[in-house]
Structures are given as structure tokens and as C-alpha cells.
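Residue numbers for the sequence shown follow this note's numbering, so the first one is 7 and each next one is one higher. Beta carbons are placed, not taken as given, at the ideal position from N, Cα and C, and that holds for glycine. If you're wondering where the values come from, they're calculated on a predicted model, not measured in any experiment. To start, the structure itself, in C-alpha cells.
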Amino acid sequence: MWYQREFSLSAKPRGFHLVTHEILRILPEIERFKVGLFHLFTLHTSASLTVNENADPDVRVDMETYFNHIAPEQGLPLEHTLEGPDDMPAHVKSSLLGASVSVPIRDGQLALGTWQGIYLCEHRNRGGSRRFVATLHGEAS
Numbered sequence: 007m008w009y010q011r012e013f014s015l016s017a018k019p020r021g022f023h024l025v026t027h028e029i030l031r032i033l034p035e036i037e038r039f040k041v042g043l044f045h046l047f048t049l050h051t052s053a054s055l056t057v058n059e060n061a062d063p064d065v066r067v068d069m070e071t072y073f074n075h076i077a078p079e080q081g082l083p084l085e086h087t088l089e090g091p092d093d094m095p096a097h098v099k100s101s102l103l104g105a106s107v108s109v110p111i112r113d114g115q116l117a118l119g120t121w122q123g124i125y126l127c128e129h130r131n132r133g134g135s136r137r138f139v140a141t142l143h144g145e146a147s
């Protein structure tokens, strides 16, 4: 069985945001799969997705700190500056983390580890709402 849907998440401030529960509310169809794969792809080049710690919010703060150190807004001779000083560093961060995540589905649930969640990584100061394509593939319950 295959299922695909495009959807948006509301604008979030710059940073790393745990969005697992939002996604599950938007995609109750996951419950129809006994076994399968959930693939989530962002339709943007200045935001990214990753799976990481879901318990301690300090991890999300520290992730922002590390990525700002890796791709700073100032101090580099950048060519792509027309969209603001946060844009090119946002592209770099997005490329490092990636535009998609895949998570196994087991018995109608995402088979994430105990401490894992899906992050939307917003790398722009004012990124706006973000669009995604979710694809589910597997055996129906």
C-alpha cells in the first residue's frame, strides 16, 4: 500500500523544533500500516529535518549553537547575499542535515527509539510556514 500527502507546518522561529506529534496529528494514516516506511521530505532549501533527542530541550538549544558556529552569518566572504545574511548559512545547514528523514513503521506507529523525535530545523530568522511531502509505504494492518 502507498499513501502520499503534501502538508504545511506553521511558521516557527529560528531553531530546532520537535514536530513528531504535529506530524502524527496531520497523518493519522500511519495507523493503517502494520509494517512499512515513513518518508518525510521538506520542499525548502533553508530548512532541514533530522531525528534526535526528544526529552531534554537543551539539546535543541545546543544544536542551534553548534550549527551557528559551523555556518556563521558573519566573517565569511559570501557571494549569495541578496536574501539576507541568514540565507546562505541556512543553505549550508540544510545541506549538512538534509531535506528528508525516513522512519520505520511498526504496528501503526513510528518505530522511533525511546529518546528520539523528528526535528524541523528552521535556519532562517523568518522562514515562514514550511511545506512537506510525506510518503508511506508498506503492508496494511
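Buried or exposed (CB count within 10 angstroms, at least 16 for buried), residue i
i, result
"V67", "exposed"
"E89", "exposed"
"E128", "buried"
"H50", "buried"
"I76", "exposed"
"S14", "exposed"
Alpha-carbon to alpha-carbon, residue j and residue i
i, j, result
"M1", "S16", "Shown here, the chain extends from 7 to 147; a query on residue 1 therefore has no answer."
"L43", "S100", "23 Å"
"R138", "T48", "Going by the sequence as given, residue 138 is Phe instead of Arg. Those two C-alpha atoms are separated by around 4 Å."
"V41", "E35", "13 Å"
"G133", "S147", "38 Å"
"D62", "G104", "22 Å"
Proximity of residue i and residue j at Cβ, strictly below 9 Å
i, j, result
"Y5", "L24", "No answer is possible for residue 5: it lies beyond the span of the chain, which begins at 7 and ends at 147."
"V109", "L116", "yes"
"D113", "R20", "no"
Start and end residues, beta strand (DSSP E) containing residue i
i, result
"H23", "21–24"
Residue span of the alpha helix (DSSP H) that contains residue i, given as start and end
i, result
"K99", "93–103"
Near the ligand SAH: residue i beta-carbon under 8 Å from a heavy atom
i, result
"K99", "In the structure shown, the ligand SAH is absent, as is every other ligand, since no ligand is present at all."
Please give me, in chain order, every unbroken run of the beta strand (DSSP E) with length at least 3 that falls completely inside the region 15–65.
21–24, 39–48, 53–59
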